[in-house]
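Asker: These protein sequence lines map, in sequence, to chains A and B. All residue numbers for the first sequence refer to this note's numbering, where the first residue is 1068 and numbers rise by one. All residue numbers for the second sequence refer to this note's numbering, where the first residue is 51 and numbers rise by one. Ideal Cβ positions, reconstructed from N, Cα and C, are used throughout, including at glycine.
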Amino acid sequence: MEGRAMPDTSQRLNVTDHKDVKVIDFVDSKILDEANIAEIGLNLTGLVAAKDRPKLLLDFANVDHLSSAALGMLINVNNKVKQQNGQLRLANIKPQILEVFEITKLNKLFKILPTRADALASY
Amino acid sequence: MSPADGRRASGGKRGGPKLGATGGRSKASVKMTIASDYADAREVQRLIREEVEKAGFDTDTQFAIKLALEEAIINAIKHGNKLNKKKRVHVEWRVTPEVAEIIIEDEGPGFERSSVPDPTHDVNLEKLTGRGILLIESYMSDVEWSKGGRRVRLVKKNPGFARGAKSA
């Protein structure tokens, strides 16, 4: 992207703590651009590494589009969470995006819940 | 158009994507040649998406085309041309209310479609890459690989047209 600034968690991700769960909202509606994906991946793996047995919830409410590169990034984050004996949940995925997870069978790999409340109750 | 300095072009005459319509009939195809550059790729995708929207494709079909187009162009730039900015990606499209047809050709070594592993297989499920082709083929009505994998033709029919929803 032209004139992109340095990576900054606050630009692409909103992170809030709900008890011991880090809830992460994607700010962008499109997770397509390679540089954005790399930036988001770095920020997420940073959050994972910061704590033993991390609990993360990715809220997709804002996400309208994502690419296979974004899926790869999410798998990488999932692997890191597992290495740290943590738990990752995905929630609020719009039907069109959920279909992408179903086609790629990644709905078998990730724990996907309908709402944020469902996800928070699932740890 | 963003990278219009033309310095990296091997031919010397280029300056950003080249656009040209073929023929003067009602619905001719549009051809565009871009460098292996993500900004150029976004621009050509935007042009195609605009035509798809204008042609009256429903939102689900627009989503499908956007997704497949993104994957195919990124494949051409990254895996085909290996991000070599001297190599180009040739894009040709024709969008009617009935069907969108997009051809993308890179200048890379090509690949053998049948040798691409199934990313949905259990042993491949945690691999970080290899899902682009699956998504392209899942979302399009027809996908044809040719020229040793360097060229792909994407076809998406407009389901609304068949139902007579659009009668401009």
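Helix, strand or coil: which one does DSSP assign to A/ASN1081?
Answerer: Here A/ASN1081 sits in strand by DSSP.
Asker: From B/VAL205 to B/PHE107, what does the alpha carbon distance come to, in whole angstroms?
Answerer: Straight-line Cα distance between these residues: approximately 13 Å.
Asker: Please tell me whether B/ARG181 has its Cβ less than 7 Å away from any Cβ of chain A.
Answerer: It does; some Cβ of chain A falls within 7 Å.
Asker: Whose CA, out of B/LEU184, B/ASN131, B/LYS207, lies closest to the CA of B/SER191?
Answerer: Comparing Cα-Cα distances from B/SER191 to each of B/LEU184, B/ASN131, B/LYS207, the minimum goes to B/LYS207.
Asker: Please report how far the alpha carbon of B/ARG99 lies from the alpha carbon of B/LYS135, in whole angstroms.
Answerer: Distance between the alpha carbons of B/ARG99 and B/LYS135: 24 Å.
Asker: For A/LEU1099, go through chain B and note every residue whose CB falls closer than 7 Å to its CB, in chain order.
Answerer: Ordered by position in chain B, the residues that pass the 7 Å Cβ test against A/LEU1099 are GLU120.
Asker: Starting from the C-beta of A/SER1096, find all residues in its chain whose C-beta is less than 8 Å away, skip the five residues before and the five after it, and write them out in chain order.
Answerer: Excluding positions up to five away in sequence, the list reads ASN1129, VAL1130, ASP1131, HIS1132.
Asker: Would you mind telling me which residues of chain A sit closer than 8 Å to B/ASP110, beta carbon to beta carbon, in chain order?
Answerer: Chain A residues near B/ASP110: GLN1163.
Asker: Mark B/GLY73 as exposed unless 16 or more other C-beta atoms lie within 10 angstroms of its C-beta, in which case mark it buried.
Answerer: Its pLDDT being 47, under 50, B/GLY73 is placed unreliably by the model, and the measurement read from it follows with that caveat. By the 10 Å Cβ count, B/GLY73 comes out exposed.
Asker: May I ask you to list, following chain order, the residues of the region 1130-1152 of chain A that have a beta carbon less than 9 Å from some beta carbon of chain B?
Answerer: From the region 1130-1152 of chain A, only ASP1131, HIS1132, LEU1133, SER1134, SER1135, ALA1136, LEU1138, GLY1139, MET1140, ILE1142, ASN1143, ASN1145, ASN1146 have a Cβ closer than 9 Å to chain B.
Asker: Please confirm whether B/SER188 has its beta-carbon closer than 7 Å to some beta-carbon of chain A.
Answerer: Closer than 7 Å to some Cβ of chain A, the Cβ of B/SER188 qualifies, so yes.
Asker: In the DSSP assignment, find the alpha helix (DSSP H) that holds B/GLN112 and state where it starts and stops.
Answerer: Its alpha helix (DSSP H) spans residues 109-124.
Asker: Just the C-alpha distance for A/LEU1114 and A/LYS1122, rounded to the nearest angstrom, thanks.
Answerer: Going from the Cα of A/LEU1114 to the Cα of A/LYS1122 covers about 10 Å.
Asker: In three-state DSSP terms, what is B/THR83?
Answerer: Residue state, collapsed to three classes: strand.
Asker: Kindly indicate if chain A contains any beta-carbon less than 7 Å away from that of B/LEU175.
Answerer: True, the Cβ-Cβ gap to chain A drops below 7 Å.
Asker: Would a check of beta-carbon distances place B/PHE113 closer than 7 Å to chain A?
Answerer: Yes - at least one Cβ of chain A is within 7 Å of the one on B/PHE113.
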